[in-house]
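Before any comments, here is the structure.
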Amino acid sequence: MPGTGGRPPMPRPTAAVAATAPANPIARLWDWAVARQLRAVDAEYIDPARTSDSRILWVVYSSCMALYLLNYVVLDWDVQHGVSSWLIERFDLFSDMGKGGKGIRLRLALTMRVTWSLGCMIFYLGVPLLVVPLVLRRKLSTLGLSPRGFFRHLWVYALLFLPVGVCVWIVSYQQAFQSTYPFYRNPATLAHLLVWELFYGLQFFSLEVFFRGFMLTELKHRWGWRAMLFMMTPYCMIHFSKPALEALGAVIAGSVLGVLALRTRSIWGGVAIHVSVAWWMDIASLLQRGWFSKG
């Protein structure tokens, strides 16, 4: 069991990271940007005494169950419509859009998007918040919730955002992109758009907690950076309904965010990048469609 008996000393990251630099410039860049970071992750985390098979199984199967419920409950149109209709009737949500047939349709369009976001948060956040303290007996800080060091690495996140932001603008000219984003297709007003973007951002926070926090919690102590391979498979698959280039980019982006989360012990860099890119995608699409110029 974890915590029983003497624990072997943790290997020093400096010893593991130190290696002979390759002579080839490209190889040196790869070594500095990728290989050295992966060696550092292994040196910092791999320690079988800090986890167990039962802990790993809890993470794996509870992750599978969360994704199963998300797919067959949260993403079910009938569930979204039913819950949204009840919320509108019970709390009179977004009544400023009108009470008639058109008003109800407008209110449903936004409420169903909010319902989707809340459903994602329930399973992406709910499972880790239950399993980590009650089953794994670990502090919630192991999910990478501490913002410590975030501002110190802010320049890294800005550098990562810039090329992605440029690519988003280029892709935003495509009809497939404009027909996908934003998920809240035709915002009635700027205020309603801001409501959507708020819940959209919260959904990405919960997603980062789940994929870059919870799914790596125990596996990193057994397999180091290779734990990301387990995380990346379902993360890539949840993008299969998106445009092809975005689904492909999720593999690269998810890997980079995984390394950053492990190296900084924080998910906040991933949250910042994810939310910034998502909001920029919505803005770019609306700009291309001329939404902001409408009276």
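Reading the sequence shown from the start, the letters are residues 12 to 306 in the numbering used here.
Cβ atoms here follow ideal geometry from the backbone N, Cα and C, with glycine treated the same way.
Predicted, not measured: the structure shown is a model, and the values here were computed from it.
Does DSSP put residue i in a helix, in a strand, or in coil?
i: VAL286; result: helix
i: THR15; result: Residue placement at THR15 cannot be trusted, given a pLDDT of 48 that sits under 50; what the coordinates show is reported in the next sentence. In the structure shown, THR15 sits in coil (DSSP, three-state: anything other than H, G, I, E or B).
i: ARG23; result: Caution applies to ARG23, whose pLDDT of 49 falls short of 50 and renders its modelled position unreliable; the model cannot decide the point.
i: GLY301; result: coil
i: PHE251; result: coil
i: PRO158; result: coil
i: LEU104; result: coil
i: VAL28; result: The predicted model places VAL28 with a pLDDT of 49, which falls under 50 and marks its position as unreliable, so this point remains unresolved.
i: PRO245; result: helix
i: MET292; result: helix
Just to confirm before moving on: does the CB-CB distance between residue i and residue j stay below 7 Å?
i: SER152; j: THR122; result: no
i: PHE311; j: LEU81; result: This structure does not reach residue 311, given that the chain is present from 12 up to 306, and the question cannot be answered.
i: LEU154; j: GLY212; result: no
i: GLN91; j: SER183; result: no
i: VAL179; j: MET292; result: yes
i: VAL262; j: LEU136; result: no
Kindly give me the distance between the Cβ atoms of residue i and residue j, rounded to whole angstroms, as I take these residues to be in contact under 8 Å.
i: PHE216; j: VAL282; result: 5 Å
i: TRP290; j: PRO158; result: With a Cβ gap of about 20 Å, TRP290 and PRO158 do not count as contacting.
i: TYR195; j: TRP207; result: 4 Å
i: GLY130; j: VAL70; result: In fact, because the Cβ distance is near 21 Å, the residues do not count as touching under 8 Å.
i: SER296; j: GLN214; result: Contact flag wrong, Cβ pair sits at about 18 Å.
i: SER74; j: MET226; result: 5 Å
By a C-beta neighbour count over all protein chains shown, 10 Å radius and 16 as the cutoff for buried, is residue i buried or exposed?
i: GLU100; result: exposed
i: MET76; result: exposed
i: VAL288; result: buried
i: PRO144; result: exposed
i: VAL177; result: exposed
i: PRO174; result: exposed
i: LYS231; result: buried
i: ILE284; result: buried
i: GLY16; result: Low confidence applies here, because GLY16 scores a pLDDT of 49, under 50, leaving its location unreliable; read the following figure in that light. By the neighbour-count rule (16 or more Cβ atoms within 10 Å), GLY16 is not buried but exposed.
i: ALA34; result: exposed
Would you mind reading off the limits of the alpha helix (DSSP H) that contains residue i?
i: MET123; result: 112–145
i: ILE67; result: 64–80
i: ALA60; result: Looking at the DSSP string, ALA60 is not in any alpha helix (DSSP H), and its letter there is neither H nor E.
i: PRO36; result: 36–41
i: ARG232; result: Residue 232 is actually His in this sequence, not Arg. 230–234 is the span of the alpha helix (DSSP H), which, as asked, contains HIS232.
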